[in-house]
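For UniProt numbering, count along the sequence shown from 1 and bump the result up by 6.
Glycine included, every Cβ here is placed at the ideal spot set by N, Cα and C.
The next block holds one structure in the form of structure tokens; read it before the comments.
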Amino acid sequence: THFGYKTVETQDKVKMVAGVFHSVAAKYDLMNDLMSGGVHRLWKRFTIELSGVRSGNAVLDIAGGTGDLAAKFSRLVGPTGRVVLADINDSMLTVGREKLTNKGIVGNIEYVQANAECLPFPDNSFDCITIAFGLRNVTDKDAALRSMNRVLKPGGRLLVLEFSKPVNPVIGKLYDRYSFDILPKMGQLVANDEESYRYLAESIRMHPDQETLKGMMADAGFVDVRYHNMTAGVVAVHRGVKP
Ligand code: SAM
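What follows is the structure, given as structure tokens:
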């Protein structure tokens, strides 16, 4: 049946995503810097600026991986605040915890293994939630957006940083070339893993574009949904508020 087929497909995606991130965890930060030429740092910095996070806030970084955003939030919220770095993948979470602990980021941060589709937190828990380069890996994105809405406090913000659709076709073509021809080769060279980086390119192409994601966030209950393109729309950050 159609349903049976879909179920198999869904399990395959979950397994594949798990395999990809177990495989890339150790080299993840290095590859991020290489693949983006360091620009992912600017995308993340802008996301932090939009977050409006202040001292004393409670922040959830879901699909937080190796903890770049969580590290910055930990400093912003200070000793009276709280940061939860959550990820479905224990390999990524382990690399993240080690990195942050070695940097002396301790005290106001917790690590939780969790699926974005069914977050294990009470309603109205967080002032801000971020998901950076994570949503495209989630099988049921609508369920994930609803779950994030549920655990946000009223007035709280969700920020989704993700690859998106380049704003002009020339850049789109170049970017396609880059991601399908060059990225897998870099993955092979640096991490001895061509397949995972091929998945990366495919998952980027499949991900909803700016307007589609905006609509999905509104459907999940967010208001004032806006997005900002960065690097000509290669990446966009969407922001929505829980009413
Ligand atoms: N946020 C980090 C960053 O920007 O560098 C890591 C992004 S990494 C590309 C994507 C992360 O999403 C991986 O760590 C992966 O384990 C996690 N992930 C995939 N599916 C997930 C899910 N359903 N729930 C939570 N995390 C998930």
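Under three-state DSSP, which class holds residue i?
i	result
Asn235	strand
Leu164	strand
His67	Rather than His, the amino acid found at residue 67 in this sequence is Asp. Strand at Asp67.
Phe228	coil
Val88	Reading off the sequence shown, one finds Arg at residue 88, where the question assumed Val. Arg88: strand per DSSP, three-state reduction.
Thr7	For Thr7, the predicted model reports a pLDDT of 35, less than 50, meaning its position is unreliable; a value from the coordinates is still stated below. In this structure, Thr7 counts as coil in the three-state DSSP scheme.
Asp187	helix
Ile210	helix
Asp133	strand
Gly79	Just to set this straight, residue 79 is Phe in the shown sequence, not Gly. Phe79 falls in the helix class under three-state DSSP.
Lys12	At Lys12, the pLDDT of 48 sits below 50, so the modelled position is not reliable and the matter cannot be decided from this model.
Asp39	helix
Asp96	helix
Phe27	helix
Hey, how far is the Cα of residue i from the Cα of residue j?
i	j	result
Asn174	His244	19 Å
Val166	Leu195	30 Å
Gly10	Asp18	Here Gly10 scores only 46 on pLDDT, less than 50, and its place in the model should not be relied on; the value that follows carries that caveat. Between Gly10 and Asp18, the C-alpha separation is close to 13 Å.
Arg183	Arg204	12 Å
Leu91	Asp187	33 Å
Lys12	Val23	Note that Lys12 scores a pLDDT of 48, beneath 50, so its modelled location is shaky; the value from the coordinates is reported in the next line. Going from the Cα of Lys12 to the Cα of Val23 covers about 16 Å.
Val240	Gly193	20 Å
Leu125	Arg156	9 Å
Asn235	Ser61	28 Å
Phe169	Gly178	12 Å
Asn226	Pro128	Checking the displayed sequence, the identity of residue 226 turns out to be Ala instead of Asn. Approximately 18 Å, taken between the alpha carbons.
Asp35	Ser131	29 Å
Glu104	Thr237	31 Å
His46	Pro249	30 Å
Ser153	Leu164	11 Å
Gly25	Glu55	33 Å
Lys78	Asn95	21 Å
What span of residues does the beta strand (DSSP E) with residue i cover, start to end?
i	result
Glu116	Ile115 to Gln119
Ala242	Val241 to Val247
Tell me the residue span of the alpha helix (DSSP H) that contains residue i.
i	result
Ala150	Lys147 to Val157
Ile177	Pro175 to Arg183
Phe139	Where Phe139 is concerned, there is no enclosing alpha helix (DSSP H), given that its DSSP letter is neither H nor E.
Arg51	His46 to Ser57
Gly62	Taken as a continuous stretch (DSSP letters only), Gly62 belongs to no alpha helix (DSSP H), as it is neither H nor E.
Are the beta-carbon atoms belonging to residue i and residue j less than 8 Å from one another?
i	j	result
Ser97	Ala31	yes
Ala69	Gly140	yes
Val112	Val83	no
Gly73	Asn114	no
Ser209	Asn108	no
Lys33	Ala197	yes
Leu206	Leu219	no
Assuming the contact rule is C-beta atoms closer than 8 Å, residue i and residue j should be a hit. Round their C-beta distance to whole Å, please.
i	j	result
Pro214	Met223	That belief does not hold up - the Cβ atoms of Pro214 and Met223 are roughly 10 Å apart, past 8 Å.
Asp199	Lys159	Actually they do not touch by this definition, with Cβ atoms about 40 Å apart.
Ala150	Glu116	The pair is not a contact, with the Cβ atoms about 20 Å apart (cut-off 8 Å).
residue 258	Asp146	One cannot answer for residue 258 here, as it falls past the ends of the chain, which runs 7 to 249.
Val89	Asp67	7 Å
Ala76	Leu106	7 Å
Ser202	Ser57	With 8 Å as the limit, Ser202 and Ser57 do not qualify as a contact, their Cβ atoms being about 29 Å apart.
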